[in-house]
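> Going by the numbering used here, the first residue of the sequence shown is number 9, and it counts up by one from there. Glycine included, each C-beta is placed from N, C-alpha and C at the ideal position. Below is a structure I'd like to ask you about.
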Amino acid sequence: LAGLLGSCRRWPMAEEILKTSGVGVVRRFRASCTVSNKDAGVDCVDVMKVVGAGTLAAHSFGKDPRWKVDLKRYDVEVYGFLFHHSFACGILLGGQWRRNSNE
């Protein structure tokens with residue numbers, strides 16, 4: 009799943025939307041998630057690893073990723089949604105949706 013996410017052709021479009029929404033050039037991100045069925049053997053940590061690995065794969069050139077993981081001082085949050093047998097992933101737009109307790 010991380011490879012599929014990393015090879016998605018929509019990343020350039022998402023980056024353009026981020027620029028026009030006022031986020032600007034992204035240097036740091038964090039992965040977050042929602043999991044509907046925690047009894048399925050998959051938890052939020054598993055989903056965040058997939059989302060983070062796919063995001064890094066999409067923004068890497070050799071060993072120097074353009075986007076780096078930063079859980080506290082991130083420019084953008086990449087969010088995964090796992091509901092039963094469906095998975096979706098997106099970038100949160102429109103400002104921070106929750107208070108960052110690290111600021």
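Would DSSP call leucine 64 helix, strand or coil?
In this structure, leucine 64 counts as helix in the three-state DSSP scheme.
> Is the distance from the Cβ of valine 84 to the Cβ of alanine 39 below 8 Å?
It is not a contact, given that the beta carbons lie outside the stated cut-off.
> Tell me the DSSP secondary structure of leucine 90 in three-state form.
It is a strand residue.
> Counting pairs of Cβ atoms below 8 Å between the region 11-18 and the region 58-65, do you hit three or more?
Output reads yes: the region 58-65 touches the region 11-18.
> Pop quiz: serine 29 and leucine 90 are said to be a contact at Cβ under 8 Å. What is the actual Cβ separation, rounded to whole angstroms?
Going by Cβ atoms, the distance from serine 29 to leucine 90 rounds to 25 Å, so no, they are not a contact pair.
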